[in-house]
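K.L.:
Counted from 1, the sequence shown has number 42 at position 42 by the working numbering; the numbering is strictly sequential.
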Amino acid sequence: MLCTRYFFVEADPIMIVESWTLPLWIIRSGNQVLNYTDNLANPHDEQHKHLVTAFEKGVGESYASTPLRNGFVVAEVNDISRPSDFIKVVLNFQRK
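1. What does DSSP give as the partner residue(s) for Q47 in the beta ladder?
2. Name, in chain order, the residues that DSSP records as bridge partners for V33.
3. If we ignore side chains and look at the alpha-carbon of each, how far apart do L2 and V17 end up?
4. Taking the C-alpha atoms as reference points, what is the distance between I87 and Y36?
5. Please classify I26 as buried or exposed, where buried requires at least 16 neighbouring CB atoms within 10 angstroms.
In structure tokens:
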């Protein structure tokens, strides 16, 4: 299959992209210990924006040093959640 780019004759192959979610605990930003607050989960908060930008940039730069570098598309933060909420979900899942 080929995709045409912006109606030009030049064509690029379509690549299948598979996404996956990875929950991560981020406890520091440099030397600063991070504690969860409701503001931290707010996408309009400046600290939230800073952490998301730094994390996505860091993941992208890290992938460049791995054998997977040619397959990397993008890192995206979906949500910043209270860690205790995640732990409850994991523990409930394991009990069943």
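Even for Gly, the Cβ is constructed at its ideal location relative to N, Cα and C. Small disclaimer: the values here were computed from a predicted structure and weren't measured.
P.N.:
Walking through what the data contain:
1. Paired residues: none, contrary to the question.
2. R28
3. Caution is warranted here: a pLDDT of 45 is assigned to L2, below 50, making its placement in the model unreliable, and the coordinate value is therefore given only provisionally. One Cα belongs to L2, the other to V17, and the distance between them is close to 15 Å.
4. C-alpha separation (whole angstroms): 14 Å.
5. Classification for I26: exposed.
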